[in-house]
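Each remark here refers to the structure printed beneath this line.
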Amino acid sequence: MRATFSLLLALILAGVLPASPVRAAETTSLPVLTDIWPPYVMEPHNTMSGSGLGSAARIVRLVLHDMGYTADFQYFDFAYSFDRVLHSDSAVSFPYFRTPTRETQVLFSDPLFEVRNRLYYNRQYHESVNGPANFSGLRFGQVAGYSYGAEMDAVLVEPVIFSSEQEAMRALLNNDIDLLPMTDSVAMALLQDVFPDQLELVRSVAALDSVSSLHLIAPATEQGTQFIERFNASHKRLLQAGIVSDVDLENSPGQAQQTDVVELVVAEGYPVIVGNTRTDPPQHFAIPQGTRAMVLRWSDLIREASSSEQIYRTMTDESQVVVLNGPHVGKELYIKNMHLQIVPTR
1 MRATFSLLLA LILAGVLPAS PVRAAETTSL PVLTDIWPPY VMEPHNTMSG SGLGSAARIV
61 RLVLHDMGYT ADFQYFDFAY SFDRVLHSDS AVSFPYFRTP TRETQVLFSD PLFEVRNRLY
121 YNRQYHESVN GPANFSGLRF GQVAGYSYGA EMDAVLVEPV IFSSEQEAMR ALLNNDIDLL
181 PMTDSVAMAL LQDVFPDQLE LVRSVAALDS VSSLHLIAPA TEQGTQFIER FNASHKRLLQ
241 AGIVSDVDLE NSPGQAQQTD VVELVVAEGY PVIVGNTRTD PPQHFAIPQG TRAMVLRWSD
301 LIREASSSEQ IYRTMTDESQ VVVLNGPHVG KELYIKNMHL QIVPTR
């Protein structure tokens, strides 16, 4: 089986099999090594239409089809896939960040798309982490075989290695590590899908993020060079035709705005919920109980510790919200803290 796989790829990379655009019925199947990396690479739900592939897999699928191939996505760990490309004459894989070390080992296609990488911490255990000056003594995590570009990789000091992003994120949430690099849209997809109740705990280091491109890789051989040249030519043609884009930052989930959703409830002694605009002159609105709102800014008194148990002023202090439904939908109002009940994430 492995011999057949290698022979097929060798023929494709050498250009023996079709390299120019042909009809779909005449395309040749090409094994492509990758791994599940939502939202960019996902297991296909409909292989005929390509729906559910993920944005990066869609680009690779279209470029290869333009070259005359049908992409046969095969899912392995990225570390294993990179190793197969490194030690084989006939393997291609995606997506990978380009680093000086990797450039000496494999060949990179032109950029497929760009993403933003961030360094995350758990605010349950760290009030804030502002930048490298605060990294002393902190424990880094990293997924085996992953790189996030030269700038981000440079700050990782003796990282704890994990086999998957889910395992690494769980370690961050469990305080087994302090800092974890991850592509922002991937981090948000992981938190929303696997750890929704803990999404609010994860924050990124504001002073450190980087935009990096991702690429398809091939062996550093003459055949690999020919394949990359043909791949780049087809990719360029599809870019110029507006069929694919090389920038995915605006089309991906990205860094989700982390906010609290609340339900407005009446309180003892306050049977009517009132929202204020703090304009000049101020406007006051009666809000039906059960209305939902998103907190834009919690009041200072509720965020800070009180010197005593007498917290009446805290409960009557006002937080800023935007109303999500009801007769005042869309209004930004100030509402007493006693009326704000946080809605569970599940």
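Going by this note's numbering, the residue at position 53 of the sequence shown is 53; the numbering climbs one at a time, nothing skipped.
The C-beta atom is built at its ideal place from N, Cα and C for all residues, glycine as well.
Being a predicted model, the structure only gives us computed values, none of them experimental.
Inter-residue spacing [alpha-carbon to alpha-carbon] between residue i and residue j
i, j, result
"GLY326", "ASP178", "42 Å"
"PRO21", "LEU64", "Model confidence at PRO21 stands at a pLDDT of 49, short of 50, so the residue's coordinates are unreliable; what they give is reported in the following sentence. Taking the straight line from one Cα to the other gives about 9 Å."
"ASP66", "TYR80", "27 Å"
"SER204", "GLU222", "42 Å"
"THR316", "LEU53", "50 Å"
"LEU191", "ASP184", "11 Å"
"LEU172", "VAL202", "9 Å"
"VAL295", "PRO281", "23 Å"
"PHE78", "PHE285", "55 Å"
"GLU268", "GLY290", "16 Å"
"GLU114", "ASP176", "30 Å"
"PRO253", "PRO39", "Unreliable placement is indicated for PRO253, whose pLDDT of 43 sits below 50; the coordinate value is still reported in the next sentence. Roughly 8 Å separates the two Cα atoms."
"HIS328", "ARG313", "26 Å"
"ARG2", "THR70", "Because ARG2 carries a pLDDT of 47, less than 50, the predicted location of this residue cannot be relied on, and no value is offered for it."
"ARG123", "ASP209", "18 Å"
"PHE227", "GLU103", "16 Å"
"HIS235", "PRO196", "37 Å"
"LEU30", "ASP300", "59 Å"
"LEU249", "ARG230", "For LEU249, the predicted structure reports a pLDDT of 46, less than 50, and the residue's modelled location is therefore unreliable. A value from the coordinates is still provided. Answer to the nearest angstrom: the Cα atoms are 26 Å apart."
"ASN251", "THR28", "Residue confidence is low: ASN251 scores 44 on pLDDT, short of 50, so the model does not pin down where it sits. Its coordinate-derived value is still stated next. Taking the straight line joining both Cα atoms gives about 31 Å."
"ARG58", "ASN174", "35 Å"
When the options are compared against residue i, the one with the closest alpha-carbon
i, options, result
"ARG118", "GLY141, ALA241, HIS284, GLN341", "GLY141"
"THR225", "LEU53, TRP37, ILE36, SER90", "SER90"
"ILE273", "ASP197, LYS336, SER306, ARG61", "LYS336"
"GLY330", "THR314, GLN310, ARG292", "ARG292"
"PHE108", "VAL194, LEU216, PHE135", "LEU216"
"PRO271", "MET152, MET182, HIS339, GLU43", "HIS339"
"TYR75", "GLY68, SER88, THR34", "THR34"
"GLU167", "LEU156, LEU180, VAL115, ARG297", "LEU180"
"VAL85", "ALA220, PHE231, TYR312", "ALA220"
"LEU214", "ILE161, VAL323, PHE94", "PHE94"
"VAL321", "GLY275, GLU304, GLN310, ARG303", "GLY275"
"MET42", "PHE73, LEU62, THR27", "PHE73"
"GLN198", "ARG116, TYR121, ALA218, VAL157", "TYR121"
"ILE36", "GLU127, SER88, ARG116, GLU165", "GLU165"
"LEU264", "ALA133, VAL211, GLU318, SER163", "GLU318"
CB of residue i within 8 Å of CB of residue j, strictly
i, j, result
"VAL262", "ILE342", "yes"
"ASN130", "ALA187", "no"
"LEU333", "THR279", "no"
"ALA150", "THR99", "yes"
"PHE97", "SER147", "yes"
"ASN232", "ASP153", "no"
"ARG139", "VAL106", "no"
Span of the alpha helix (DSSP H), counted from its first residue to its last, around residue i
i, result
"SER234", "222 to 240"
CB contact check: residue i to chain B, cutoff 8 Å
i, result
"VAL343", "Although the question refers to chain B, the structure presented lacks it and comprises just one protein chain."
Endpoints, the beta strand (DSSP E) within which residue i is located
i, result
"THR28", "28 to 34"
"HIS284", "284 to 287"
"TYR96", "93 to 97"
"ALA57", "Taken as a continuous stretch (DSSP letters only), ALA57 belongs to no beta strand (DSSP E), being part of the alpha helix (DSSP H) at 55 to 67."
"ALA293", "292 to 297"
"VAL85", "Premise fails: VAL85 lies in the alpha helix (DSSP H), 78 to 86, not in any beta strand (DSSP E)."
"LEU333", "332 to 336"
"ILE273", "273 to 276"
Residue i Cβ short of 7 Å to the ligand NAP heavy atom set
i, result
"GLU304", "With respect to the ligand NAP, the structure offers nothing, as it holds no ligand at all."
ask   = Which whole runs of the beta strand (DSSP E) in the stretch 173 to 229 are 3 residues long or more, in chain order?
value = Every beta strand (DSSP E) of 3 residues or more that sits fully in the stretch 173 to 229 is shown, in chain order, as 180 to 183, 202 to 219.
Contiguous alpha helix (DSSP H) assignments of at least 4 residues, all confined to the stretch 110 to 175 = Within the stretch 110 to 175, the runs of alpha helix (DSSP H) at least 4 residues long that lie entirely inside it are, in chain order, 150 to 153, 165 to 173.
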